[in-house]
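Residue numbers (my numbering): 402 to 864. Even glycine gets a Cβ: it sits at the ideal position worked out from N, Cα and C. Fair warning: this is a prediction, and the values are worked out from it, not measured in the lab.
In structure tokens, the structure reads:
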């Protein structure tokens, strides 16, 4: 391990004091780090197929090797232990456990996660598995994927199988990661797997994902599991101006990215605008399903990266627009606009720590006592280099923003950095580096970055 000092001239590791029991962690996902996509009986996922289509991954790469975590997990868990976090959020690959999406279980797949959980526990770290981080089995997609209502039930059966094996050592679970991105980027715009371009006709996917979440909660509870949450992506939506058109456009964007995925889980109902517009037609018995989707949670996970400034479409927005690495087609009823006056990450995302405080206090004000304790399940940034001074500044400011929310009365119980390792960044391939640990993709050598050392020292100061 690299135990050298953090470079001078950077934020002090003396962060504000957080409450006893506050959980510090790091996050990863199976498809982005594991590799070994054809080993030990793993089935194909939608991302395996997507990466083989020309032009889908910007650098032409794939995740057949990724960071080699499947074979190097002990080394990676040692890095987590040295970092000093209390929890490790990872995901279980559905096609590794159920190669065809069920009902057949692959014992070798469960064996891997069994070994991983044992290693994490032996390091004195809490394992926090995410059951679904976008890697739908290709066999499930061939049968309709998340457009098919039956996929929710298949997902619940998979959740039951994982809980049966790992539940004796896991006391915190995440059902889904970012269903908004899978719905809108995977099925709506085609920028992510499975690559469909259905526009607003993709919204039944959101309902089936949320139904799968609710059924998985029930399956976990039936196995005696507690500590259950979801990891939804959220960010404040800022209207481009005070005009009625810009306010309405921002409201629609906020509806699709935030309220559509939060309110069924927290309130047991969809926003009135969704129901009135018939956006979920064809999704099945929605009112009955909402009783399942709204199963009480022990905590609510928030993945935060940036706010979004949105206005009504303008003449200059007539063609395709690149927004934060996503190509938006013409004809949408809203147009994201550049946020000025802030620094940007290497991914082109604005760095606005105060927007995280705004998001958390806004959720508290909007949902009141229906909002369970909150955990920041992802927060991080893409920067190059091992002496990654920008990442240290980013983490310092965002951790302080979480503390500001705590001071304002928001019940925040934890913070997970995205990500432990540089990894396969979906449609970007290996062009973006979010890790606290640098990975040489030729040799797979791990090198802790300055941000890793800074966070290690900051956590020691919290003890």
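Annotation: the segment 414-500 contains the following complete segments of the alpha helix (DSSP H) (minimum length 4 residues), in chain order: 431-434, 447-453, 470-484, 495-498.
For residue 741, there is no enclosing alpha helix (DSSP H), since its DSSP letter is neither H nor E. Taken through DSSP and simplified to helix, strand or coil, residue 825 comes out as coil. Looking at the backbone, the Cα of residue 449 and that of residue 617 are separated by about 25 Å. With distances taken between CA atoms, residue 667 lies nearest to 701 out of 701, 686, 644, 424.
Under the criterion of beta carbons closer than 8 Å, residue 431 and residue 534 qualify as touching, at roughly 6 Å. When the Cα atoms are used, residue 520 and residue 472 turn out to be separated by approximately 13 Å.
Rounded to whole angstroms, the Cβ separation of residue 487 and residue 557 is 29 Å, and the two are not in contact under 8 Å.
With fewer than 16 other Cβ atoms inside 10 Å of its own Cβ, residue 525 counts as exposed.
Sequence-distant partners of residue 573 (beyond 5 residues in either direction) whose C-beta falls short of 6 Å from its own C-beta, in its chain, are 529, 628. Between the alpha carbons of residue 579 and residue 632 lies a distance of about 6 Å.
At the C-beta level, residue 758 and residue 798 stay beyond 8 Å of one another. Taking a C-beta distance under 8 Å as the contact criterion, residue 710 and residue 783 do not qualify as a contact pair. Taking residue 832 as reference, the option from 437, 459, 683, 426 with the minimal CA-CA separation is 459.
In chain order, 641, 710, 711, 712 place their CB closer than 8 Å to the CB of residue 738, counting only its own chain and leaving out the 5 sequence neighbours on each side. For residue 535, the three-state secondary structure derived from DSSP is coil. Distances from the alpha-carbon of residue 716 to those of 741, 699, 734 put 734 closest.
8 Å or more divides the Cβ of residue 446 from the Cβ of residue 490. By the Cβ test, the segment 768-786 is in contact with the segment 657-674, since at least three Cβ pairs between them sit closer than 8 Å. Listed in chain order, the non-local C-beta contacts of residue 597 below 6 Å within the same chain comprise 588, 591, local neighbours out to five positions each way being set aside.
With respect to the 8 Å criterion, residue 751 and residue 637 are not classified as neighbours on the basis of their beta carbons.
Here DSSP, grouped into helix, strand and coil, assigns residue 652 to helix.
When only Cα atoms are considered, residue 469 and residue 420 end up about 36 Å apart. DSSP places residue 692 within a helical segment (H, G or I) once states are collapsed to three. Listed in chain order, the non-local C-beta contacts of residue 412 below 7 Å within the same chain comprise 793, 794, 797, local neighbours out to five positions each way being set aside.
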